[in-house]
Every structure is written in structure tokens, then in C-alpha cells.
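In what follows, a structure is listed as C-alpha cells, so that the remarks can point back to it.
In the numbering used here, the protein residues as written are 2 to 171.
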């Protein structure tokens with residue numbers, strides 16, 4: 002086998018390896034460009050060997066190159082790096098929406114469980130302010146009037162995730 006063929010095969014295989022590495026090393030496409038240039042250089046070496054080798058290599062790169070890229074695009078979202086880089090990973094839109102709805106309903110349930118609990122205002126509620134209940138900070142709405150900072154309050158109602166409080170008496 003001649004040196005031109007060895008260089009041709011070596012560069013085409015190197016370009017395939019670089020495309021494979023692109024799956025795991027996020028380079029913004031730079032490795033893909035390098036792989037393309039390497040494949041072209043490999044084809045040039047095949048052309049320098051003979052026309053038959055040149056045509057074969059050109060057809061091989063033109064057919065297998067896009068096929069390999071399409072396969073990688075299919076595989077890429079399932080890799081560790083792909084899941085980290087692609088928003089939403091491999092979840093469908095329905096699964097993502099269902100998770101968001103579930104998280105909102107759990108948060109609403111936690112807020113409804115605050116009814117009857119007592120806390121302390123962090124700042125003045127005029128009528129909106131912040132309260133600390135069980136060591137956690139919440140935005141709250143004074144049921145009526147202004148409640149000064151440091152006052153003890155009781156949660157009386159939760160409507161549309163808005164916590165309503167009134168001063169505690171006793």
C-alpha cells in the first residue's frame with residue numbers, strides 16, 4: 002500500500018474520531034470544522050493516488066459523513082454532555098409541563114398548610130410585606146391596615162398562593 006493511501010485512510014479515520022470526540026467535548030463546532038478539514042485532506046491524498054481512489058473516497062465521505070452526523074445528532078441528546086447542554090434533555094414537552102404543574106400544586110399545598118400558623122413580620126406589611134413562618138421567608142398580604150415589622154401574625158387565608166395575615170392577639 003502506498004504512502005498516499007495510508008495518509009488518506011489515516012486522515013479520514015482521524016476525522017471520524019474527531020466527530021466522535023465532539024460528542025463529549027463541547028467545542029461550539031470547532032471540532033466539527035476540524036473533522037471536516039481533516040476529511041477533505043484525506044480525500045486529497047486519495048486523489049493524489051489515483052482517480053479511482055479519489056472518486057471512491059469522495060463518494061464515501063459525501064455519503065458516510067452526513068450519515069454519521071445524523072446518527073450523532075440522534076445519539077447526542079442521550080449522552081451525559083448532551084443532556085447537560087440541551088435544555089430539557091430528552092424529556093418531552095408533555096413530561097416537562099407535567100413536572101411544572103406538579104411542582105406548582107405541591108407549592109400551593111404547602112402554602113395552604115400555613116393557614117392557622119403564626120409568624121413574625123420581617124418588615125412592615127403596607128399591605129404587602131415579608132413574614133417568617135417556621136424559619137422560612139414568605140411574601141404576605143396584611144388582611145387590613147398596616148402591620149409593623151416585628152409583629153406576631155397569624156395566617157388566616159391563602160388565595161391564589163397569596164398568604165393573608167392578621168396580627169395575633171393573645
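From the three backbone atoms N, C-alpha and C, an ideal C-beta is built for every residue, glycine too.
In the DSSP assignment, what residue or residues form a beta bridge with residue 79?
Start at 1 with the first residue of the chain shown, and residue 79 comes out as number 78. Residue 79 is not bridged to any residue.
What do you get for residue 46, buried or exposed, if any count of 16 or more other CB atoms within 10 angstroms of its CB means buried?
Position 45 of the chain shown, counted from the start, is the residue given in the question as residue 46. Flag for residue 46 reads buried.
Threshold first: 4 residues or longer. Then list the alpha helix (DSSP H) segments lying entirely within the segment 21 to 91, N to C.
Qualifying alpha helix (DSSP H) stretches, in chain order: 31 to 50, 52 to 76, 81 to 86.
Based on Cα-Cα distance, which residue from 58, 14, 155, 38 lies nearest to residue 118?
Counting from 1 along the chain shown, the entry for residue 118 is found at position 117. The residue with the shortest Cα to Cα distance from residue 118 is 155.
Go ahead and pull the three-state DSSP assignment for residue 115.
Walking along the chain shown from the start, residue 115 turns up at place 114. Note: residue 115 maps to coil in three-state DSSP.
Assign residue 100 to one of three DSSP states: helix, strand, or coil.
Translated into positions along the chain shown, residue 100 becomes position 99. Three-state DSSP puts residue 100 in a helix.
The beta strand (DSSP E) with residue 164 in it runs from where to where?
One-based indexing of the chain shown puts residue 164 at position 163. Counting along the chain, the beta strand (DSSP E) containing residue 164 begins and ends at 163 to 168.
Can you name the residues that DSSP bridges to residue 132?
The count along the chain shown starts at 1 and reaches residue 132 at position 131. For residue 132, which the question treats as bridged, DSSP gives the partners 122, 139.
Quick test of your reading: residue 16 and residue 39, contact by CB under 8 angstroms. State the CB separation rounded to the nearest angstrom.
Taking the chain shown and counting its residues from 1, one reaches residue 16 at position 15. Taking the chain shown and counting its residues from 1, one reaches residue 39 at position 38. Their Cβ separation, rounded to whole angstroms, is 4 angstroms, which keeps residue 16 and residue 39 in contact under 8 angstroms.
For residue 161, tell me which candidate among 130, 110, 41 has the shortest Cα-Cα distance.
The residue given as residue 161 occupies position 160 in the chain shown. That would be 110, whose Cα lies nearest to the Cα of residue 161.
Use the C-beta contact count for residue 146: other C-beta atoms within 10 angstroms, 16 or more gives buried, fewer gives exposed.
In the chain shown, the residue the question calls residue 146 occupies position 145. Burial call: exposed.
What residues are listed by DSSP as bridge partners for residue 148?
As a first step, residue 148 is located in the chain shown; it is residue number 147 there, counting from the start. For residue 148, which the question treats as bridged, DSSP gives the partners 126.
Could you give the C-beta distance for residue 175 and residue 54, rounded to a whole number, given that I count them as a contact under 8 angstroms?
Here the chain comprises residues numbered 2 to 171, so residue 175 is not present and cannot be evaluated.
Residues bridged to residue 154 by DSSP?
Locating residue 154 in the chain shown gives position 153, counting from the first residue. Bridge partners of residue 154: 120, 168.
Apart from the five residues just before and just after residue 115, which ones in its own chain have a Cβ nearer than 8 angstroms to its Cβ?
Residue 115 sits at position 114 when you count from the first residue of the chain shown. Cβ within range, chain order: 134, 139, 156, 159, 164.
Based on Cα-Cα distance, which residue from 79, 123, 35, 9 lies nearest to residue 51?
One-based indexing of the chain shown puts residue 51 at position 50. Out of 79, 123, 35, 9, 9 has the C-alpha closest to the C-alpha of residue 51.
Which one or two residues does DSSP pair with residue 160 in a beta bridge?
The count along the chain shown starts at 1 and reaches residue 160 at position 159. Partner(s): 163.
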